[in-house]
Amino acid sequence: MTHSSTNAGPTAPAEPGTGPGRPALVLLFLCLADLMVVLDATIVNVALPSMESGLGMSQNSLQWVVNVYALLFGGFLILNGRLGDVFGRKRLLLAGVVVFTAASVLNGLATDAWVLIVGRGLQGLGGAMIAPAGLSIINTSFQDTSMRTKALAAWSSIAAAGGALGLLLGGLLTTTLSWHWIFFVNIPIGVAVLLGSRLIPDSRTEAGDRSVDVFGATTVTGGLLLLVLMLSNGDSWGWSSARTLGVAGAAAVLLAAFAVSSLRGRAPIVPFGIFRIRSLAVADLVLLMLTSGIFSMFFFSALYLQHVLDYSPLRAGLAFLPAAVGVMAGAGLAQPVMGKLGPVPVGTTGLGLGAVGMVLLSRLPSAGSYAGDLLPGLLTLSVGLGVAFVPITLLATSGVPQRDAGLASGLYQTVQQIGGALGLAVLSTLAARRAADDLGHGGAAAAAQVAGFRSAFAGGAVILALGAVLFVALLRKRHVEPVLQQTAAPAPADATG
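In my numbering, the protein residues as written are -15 to 481.
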């Protein structure tokens, strides 16, 4: 068993060709790469009925179009984050763009269900390369406080608004062209990133230490794969079924073996010492709660629009446009305010706004309207989401040695993925039970469904409010100052950018 060192020296110098005066272009290409990944997490949802009829897919195979993407994306993030640290973050990013773009071509040309499912898995694998590599390049390239905050605000806007944009674009392309185009749209984006790759800086841990902790990599990746599989399928399998409990048990065994190996190993793939950085540990915990709460918003709001308000897929997608704008506005607002107030007050305010938005959504009537009932909560939540993501991203990915930038980014992305899957699983179960209870007491089917939605939104409000409380309770000025000092420091000679 070999290991990757977590005690390596400084990162290797930037590649030639990345000079000053190009940060805007660097950020543009990094955000374009991330846009492909974020869009594909939701763009498929609106097109699923068209895929089902076009390819003659069964209900079981249809769910794998979504689940296999989440499975491979969530399972390989930590491993790929560390591989980027060891072998080069730009190299990993570009490999991911190639895999993702090629898989998009395969999906767009698919005429059989199995081809589409394989292609979606490859997209998830490519996305698991792009996401941690792109975020760690930002954190190792933008050393100036103002520039880094702006870069993270842009990245956070895409990460947070991507769900709404994906639903909008999915509805538009599926209605006006065909479901194939939700994949073809990735091709020009991928080509643009590859053509602009000369401008993207690179960094890695020192070239003399290229070994990888094989046992730790295998157990953490396998454990995360099984965890995401269980969370994605538990509702259809039954949460108390033998299959769900068996997969959960296997995931627990693998993750426990990973934890023991990490504690005892000489140089583990995830050094648990990284969680001694209070700002990172708390930000990841709060991020888990944030994504657990907000993923349900897109899911249940889309159902409300189409099942209750009888919107078409295109109209439902357009209905989420204000949410995407709200997220971007919130992220843009957070960037200058954070410089004056600090990340904790800004993050807490964003989480609080998100909770208020969820409370408003929890009051949706059975015979409501978009403008009067859904939109106020949607806008409040989306602005709060944009405000919260910027400081959380800063604290979760900064304040670590540059040799661990990819690891911190991988942890951040993994927490996002696990939080979303966990929140949707828990809140979907809550919604289903509330709906079943109302039906059991003689309620109408439509009213019972909306009652379930309201329960899910109320649960999301509680989760976000608890995240705000933890953010304030667990972080002090002394925990945040090292992060702000690091980002304020001049770039060292061997840093990229």
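Backbone N, C-alpha and C fix where the C-beta goes; we use that ideal spot for every residue, glycine too.
As the structure is a computational prediction, the values presented were derived from the model and not from experiment.
Integer Cβ distance of residue i from residue j, believed to fall under 8 Å
i    : j    : result
P327 : L378 : 6 Å
F242 : V204 : 4 Å
L14  : I101 : Contact flag wrong, Cβ pair sits at about 29 Å.
G58  : V309 : About 28 Å separates the two Cβ atoms, so there is no contact after all.
D24  : A115 : 11 Å between Cβ atoms; not a contact.
G108 : Y53  : 4 Å
A372 : G341 : The Cβ separation is near 11 Å, so there is no contact.
G65  : G407 : With 8 Å as the limit, G65 and G407 do not qualify as a contact, their Cβ atoms being about 22 Å apart.
S366 : V311 : 5 Å
Distance between residue j and residue i (C-alpha atoms, nearest Å)
i     : j    : result
F71   : D186 : 10 Å
Q290  : R299 : 9 Å
D69   : S224 : 40 Å
A449  : T332 : 9 Å
L454  : F304 : 30 Å
N170  : A428 : 43 Å
V464  : A97  : 49 Å
G110  : S353 : 40 Å
L157  : V10  : 29 Å
L264  : V384 : 8 Å
T202  : G80  : 20 Å
A87   : L106 : 6 Å
L208  : F60  : 8 Å
G146  : F282 : 11 Å
G38   : L161 : 13 Å
K74   : A392 : 16 Å
L67   : G390 : 8 Å
S246  : T85  : 35 Å
V22   : G150 : 8 Å
L337  : L46  : 35 Å
G233  : A355 : 46 Å
V89   : R418 : 42 Å
V231  : A94  : 30 Å
F259  : A457 : 17 Å
A445  : L348 : 14 Å
S216  : A240 : 21 Å
N(-9) : L183 : Caution is warranted here: a pLDDT of 38 is assigned to N(-9), below 50, making its placement in the model unreliable, and no coordinate value can be reported.
L63   : A112 : 9 Å
V399  : L269 : 8 Å
M214  : I447 : 21 Å
L210  : A339 : 31 Å
L287  : A351 : 14 Å
S358  : S120 : According to the sequence as given, residue 358 is Leu; it is not Ser. Each residue's alpha carbon lies about 37 Å from the other.
G103  : R460 : 46 Å
Boundaries (first-last residue) of the alpha helix (DSSP H) holding residue i
i    : result
W223 : Unbroken run through W223: none, as it is neither H nor E.
L369 : 359 to 381
G356 : Where G356 is concerned, there is no enclosing alpha helix (DSSP H), given that its DSSP letter is neither H nor E.
I278 : 262 to 287
G180 : Segment: none, G180 is in no alpha helix (DSSP H) and carries neither H nor E.
V254 : V254 -> no alpha helix (DSSP H), and no H or E assigned at all.
L345 : 327 to 345
R104 : 97 to 125
I166 : 165 to 168
Own chain, CB closer than 6 Å to residue i, minus 5 neighbours either side, in chain order
i    : result
A440 : S280, F284, L411, L414, A415
G403 : L272, T275, S276
L362 : A307
D422 : A432, A435
G218 : T228, A409
A315 : A137, S140, S141, G370, V374
A267 : I376, L379, A380
A117 : G68, R73, L76, L77
Q397 : L61, A115, P116
7 Å Cβ shell around residue i - same chain, five flanking residues per side excluded
i    : result
L16  : I173, A176, V177
L533 : Outside the shown range of the chain (-15 to 481) lies residue 533, about which nothing can therefore be said.
A135 : L11, I122, F126
M41  : M35, A97
L293 : Y354
S346 : R438, F441, A442, A445
G424 : none
A235 : G207, L210, L211, M214
Own chain, CB closer than 8 Å to residue i, minus 5 neighbours either side, in chain order
i    : result
G154 : T26, I27, V28, N29, V30, A31, I166, P297, G301
G5   : Low local confidence applies: a pLDDT of 42 at G5 is under 50, so the model's placement there is unreliable, and no value is given.
W163 : A31, S34, M35, G38, L157
L152 : G301, L302, F304, L305, A308
Could you tell me which uninterrupted alpha helix (DSSP H) segments, each at least 4 residues in length, are contained entirely in the region -4 to 72, listed from first to last along the chain? The qualifying runs are 7 to 24, 27 to 39, 43 to 71.
4 or more residues per run - each alpha helix (DSSP H) lying fully within the region 402 to 471: 429 to 458
Contiguous alpha helix (DSSP H) assignments of at least 4 residues, all confined to the region 286 to 320: 297 to 303
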